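To start, the structure itself, in C-alpha cells.
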Amino acid sequence: MRIRLHSLLPFILFYVIFISIHISVISGQCLPDQQSLLLELKKSLTFNSQSSIKLKFWNQSTDCCDWSGVSCDNEGHVAGLDLSGESITGGFNSSSRLFSLQHLQRLNLAANNFNSVIPSAFDKLDKLTYLNLSYAGFLGQIPIQISRLTRLVTLDISCLSFLTGQDLKLENPNLRMLVSNLSSIKQLYLDGVTITAHGNEWCSVMLLLPRLEELSMPSCSLSGPIDASLASLENLS
Numbered sequence: 070m071r072i073r074l075h076s077l078l079p080f081i082l083f084y085v086i087f088i089s090i091h092i093s094v095i096s097g098q099c100l101p102d103q104q105s106l107l108l109e110l111k112k113s114l115t116f117n118s119q120s121s122i123k124l125k126f127w128n129q130s131t132d133c134c135d136w137s138g139v140s141c142d143n144e145g146h147v148a149g150l151d152l153s154g155e156s157i158t159g160g161f162n163s164s165s166r167l168f169s170l171q172h173l174q175r176l177n178l179a180a181n182n183f184n185s186v187i188p189s190a191f192d193k194l195d196k197l198t199y200l201n202l203s204y205a206g207f208l209g210q211i212p213i214q215i216s217r218l219t220r221l222v223t224l225d226i227s228c229l230s231f232l233t234g235q236d237l238k239l240e241n242p243n244l245r246m247l248v249s250n251l252s253s254i255k256q257l258y259l260d261g262v263t264i265t266a267h268g269n270e271w272c273s274v275m276l277l278l279p280r281l282e283e284l285s286m287p288s289c290s291l292s293g294p295i296d297a298s299l300a301s302l303e304n305l306s
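In case it helps, my numbering puts the sequence shown at residues 70 to 306.
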C-alpha cells in the first residue's frame, strides 16, 4: 500500500519544528559565568574599536554563544575563542580572565600585537587541542607550561622576529622539552622562532611526535643537513 506524501506533511512539519527548537536551545545557552568572563576579558584588552569585527560587538544584550569569535559546547561553556586580527595591543598576563575559560578547546590569538612574553598560565587550559599564537607580537622565551597541553593537535607559535628584531625563542625550555609531552601533535609551526640546533638534534626531537603531518621551521637558526631519521615519520607530508 502506498502512502501519499501529503498525508505525511504534518508529521514532517512537526519534526522540522522540533529539531529547529532543539538546535536553538543547544546553541543559545551561554552560561552567565562564561559571559561575565568574556566581558571582563574584553574590558582588560586594548584594541582598535574602529577595525574590530569581533570584540566591539560583545555586549550583555546578546547570548555570548552568538558573539563573533565565540563558540560554545552543548552545556553553554566557551569551547572556542578566535580573536585573531583584532588589532589587540599591549600584553596580558597570567591573571587574565582568559585562563578562567577552562573548557576552551580552540584558541586563536594570531595576527595581533601583544608586544609581551607569552603568559605562563596556559597550562590551565588543559583541554586545548588547537592553539594559534602566530604573528601576535609575542617575544622572549616560550614558557614550559605549553608543553603540558597534552591534547594539542595543532600548535602555531610562528613569528616575524627576523623582521622585527624581537626574538621569540626556545632555549630553556628547549625544543625537546617543549614537545616531549605533545604526542598528539599533527601540525607544528615554529616559523621564525630562535631554536639554534643541529640537524641530527632537532630531527631526533621530531621523532617524539609520531602523528606529525605538517612541520614548518624556517628562519629558526637551524644548521646542518636534515637527518635521515626524519623519514621514519610516515605521516609527515
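The beta-carbon is built from N, C-alpha and C at its ideal position, and this holds for glycine as well.
As the structure is a prediction and not an experimental result, all values here were calculated from the model.
- DSSP, reduced to helix, strand and coil, places A205 outside both helices and strands of the structure shown, so it counts as coil.
- Short of 6 angstroms from the beta carbon of N182, and not among the five residues preceding or following it, lie these beta carbons of its own chain, in chain order: T158, G206.
- Only residues of its own chain outside the window of five on either side were considered, and among them G138, N177 have a CB closer than 6 angstroms to the CB of D151, listed in chain order.
- In this structure F126 is exposed. Its beta-carbon is surrounded by fewer than 16 other beta-carbon atoms within 10 angstroms.
- Taking 8 angstroms as the cut-off, the beta carbon of K193 is found no closer than this to the beta carbon of T223.
- Considering only M286, I226, S130, the residue with the shortest C-alpha distance to A180 is I226.
- In this structure, L197 lies near L221, with their beta-carbon atoms less than 8 angstroms apart.
- A contact is defined here as three or more CB-CB pairs under 8 angstroms, and the region 259-279 meets this definition with respect to the region 237-251.
- About 5 angstroms separates the Cβ atoms of N250 and S216, confirming a contact at the 8 angstroms cut-off.
- Taking the Cβ atoms as the reference, S121 lies roughly 7 angstroms from S156, within the contact range of under 8 angstroms.
- Take the alpha-carbon of G261 and the one of K123: they are about 28 angstroms apart.
- The continuous stretches of alpha helix (DSSP H) do not include R175, which lies in the beta strand (DSSP E) extending over residues 175-177.
- Taking 8 angstroms as the cut-off, the beta carbon of L305 is found no closer than this to the beta carbon of L291.
- In summary, P188 is buried, with 16 or more beta-carbon neighbours lying within 10 Å of its beta-carbon over all protein chains present.
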